[in-house]
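Some notes on the structure that comes next.
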Amino acid sequence: MTSELAGLASDDLRYFEHGGPGSAPTEPFILERGVGCTVWDIHGRAYLDAHASAWLCQIGHGRVEMAEVAATQMARLEHFTTHEEYRNPHAVELARRLVELSPLESGKVRFSTSGSEADDDALQVVRRYQANRGLPRKTTILALRGAYHGHTYGGLELAGRIRPVPGRKTIGLTMPLEGSQPVGASITDYCLAELERVIAEEGAETIAAMFGEPVFGPAGMFAPPADYWPRVLEVLRMNDILFVADEVVTAFGRSGAWFGCELWGITPDVIVVAKGIASGYGVLSAVIISDAIADGLAGYHHGGSYAGNPVACALAVRNLEIIERESLIAAARERGAQLRRELDVAALLQPAVLAVRGIGLMVSVWLDSTRVRDRTLPLDRAIRETAGVIVMGNHSRIVITPPLTVTAEEVTRIVDGLFATLAEVFE
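Next up, the structure:
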């Protein structure tokens, strides 16, 4: 290692916060460039990216076209807030495109800078809407236990990880994962009975909205039964409860559709998007609100300094164009189906695999952690060092989410590399 690289590694350990004492890696993993589905570290080693920078790089790394879009817009206008009456052409264009692509018949868009911030914004939107309707008691939020809706106070409240502020309440419901229900029961029937019971006990007049992901991401990359969300929406509509679709992970092709709601034929009231909106080339998120909700938000002027940044919006517009131009939604379905097939076949010879789950290019391998033979390294690091493949996960679960541009050959390399490492680590 050269002195320059050694200094960079030393500075990482000295100045970068890694999650508290004892959490820092013994050797930092520092990436410096990427092209397509390949990234290189500071030592020049190449890795196949099946991580997509926490599931967001839909169009692959190193697009010169995107760099040119950013440079052109920066030279023209680097930033001016979209708070109050201020706008920029790219923010307006992106708002139109998001509404047109979404399952909503019509709507309005609010921009933020992260999925966490957008989820928090959506939480405030539904409560303000109910108050403006003259229903100030409708403040309780329903969410699914084990789901993740960001790291802000609002997101942690939704996840049940912190106590809501006084006068607010969040109720956690069972996630529709097979095995969570009593033996012999349908998981959808079990979850719907719980939902109806909670509404009856709390009173529909106190419940503002339910938050949920069309396909569950951080909880393990798995799809619910096909009848789950349609039946949930039916109950919510009957009880005048809004539905907020958290599409931070699922939107823009990751689930094999522009929006995950399309998979189940459901229309939410509010949609939260981030991650793939700009594929990481710009920092951006958005809340897409039906016109019925937007028209009831008088007096709500929440906004952020960086919301609707023109460079990020220009990049997002081009990102959506690339996804459309290169048919990456169809590619996600095709490569995702290939990934599931090859994982299922490989799993037949690896007894540590409990299940292969997922849809589109958001796929997971669930593992029996009691069969681990070698815990020398975290499993994701072992896969990276042994197979040259970057994934996310641990000894219980591996998440595979490559860019939507991944090729058939690269999918096979991911599967081969993963299972070669599993053979070394598990009994």
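In the numbering used here, the protein residues as written are 8 to 434. Glycine included, C-beta positions come from ideal geometry on N, C-alpha and C. Quantities reported herein were computed from a predicted structural model and do not represent experimental measurements.
Scanning its chain for C-beta atoms nearer than 6 Å, with the 5 sequence neighbours on each side dropped, one finds around arginine 175 the residues Thr146, in chain order.
DSSP links alanine 362 through a beta bridge to Trp373. The alpha-carbon separation between leucine 101 and valine 71 amounts to approximately 21 Å. As the crow flies, the alpha-carbon of leucine 108 is around 7 Å from that of tryptophan 265.
For a cut-off of 8 Å, the C-beta gap from leucine 151 to leucine 111 is around 22 Å, too long to register as a contact. Distance from the CA atom of valine 294 to the CA atom of glycine 283, rounded to whole angstroms, is 14 Å. By the Cβ rule, the stretch 323 to 332 counts as touching the stretch 278 to 292, because three or more pairs are nearer than 8 Å. Phenylalanine 426 carries a helical assignment under DSSP once its states are collapsed to helix, strand and coil. Between glycine 224 and the set Trp236, Ile206, Ile214 and Asp253, the nearest pair of CA atoms involves Asp253. Cβ neighbours of valine 432 within its own chain (closer than 7 Å, five residues either side excluded): Val379, Arg380, Asp381, Leu386 and Ala389. For methionine 182, the three-state secondary structure derived from DSSP is coil. In the structure shown, serine 113 falls within a coil segment according to DSSP collapsed to helix, strand and coil. Per DSSP, reduced to three states, the secondary structure at aspartate 387 is helical. Looking at Gly186, Arg261, His68 and Pro221, the one whose alpha-carbon comes closest to that of glycine 367 is Arg261. For the 7 Å CB-CB criterion, leucine 411 and leucine 291 do not form a contact.
Within the same chain, Cβ atoms closer than 7 Å to the Cβ of tryptophan 236 are found at Pro221, Trp271 and Ile273, the five residues on either side in sequence being excluded. DSSP, read as helix, strand or coil, puts leucine 165 in helix. Around tyrosine 93, the same chain offers Phe87 as residues with beta carbons nearer than 7 Å, after the five sequence neighbours per side are excluded. Taken through DSSP and simplified to helix, strand or coil, valine 396 comes out as strand. In the three-state reduction of the DSSP assignment, glutamate 124 falls in the helix class, which pools H, G and I.
For leucine 149, the enclosing beta strand (DSSP E) stretches over residues 147 to 151. Secondary structure note for glycine 219: its beta strand (DSSP E) is the uninterrupted segment 214 to 219. Selection Glu328, Ala337 and Asp127 evaluated against threonine 414 yields Ala337 as nearest (Cα-Cα).
The C-alpha of valine 372 lies about 9 Å from the C-alpha of glycine 365. Annotation: the continuous beta strand (DSSP E) that includes glycine 41 extends over 38 to 42.
Look at the stretch 257 to 283 and you find these whole runs of alpha helix (DSSP H), each 4 residues long or longer: 268 to 271. In its chain, beyond the 5 residues on either side, Thr181, Ser187, Gln188 and Pro189 have a beta carbon closer than 8 Å to the beta carbon of tyrosine 197. Around alanine 319, the same chain offers Ala285, Gly289, Val290 and Leu291 as residues with beta carbons nearer than 7 Å, after the five sequence neighbours per side are excluded. DSSP, reduced to helix, strand and coil, places aspartate 298 within a helical segment of the structure shown. Here the alpha carbons of alanine 57 and leucine 346 stand approximately 11 Å from one another.
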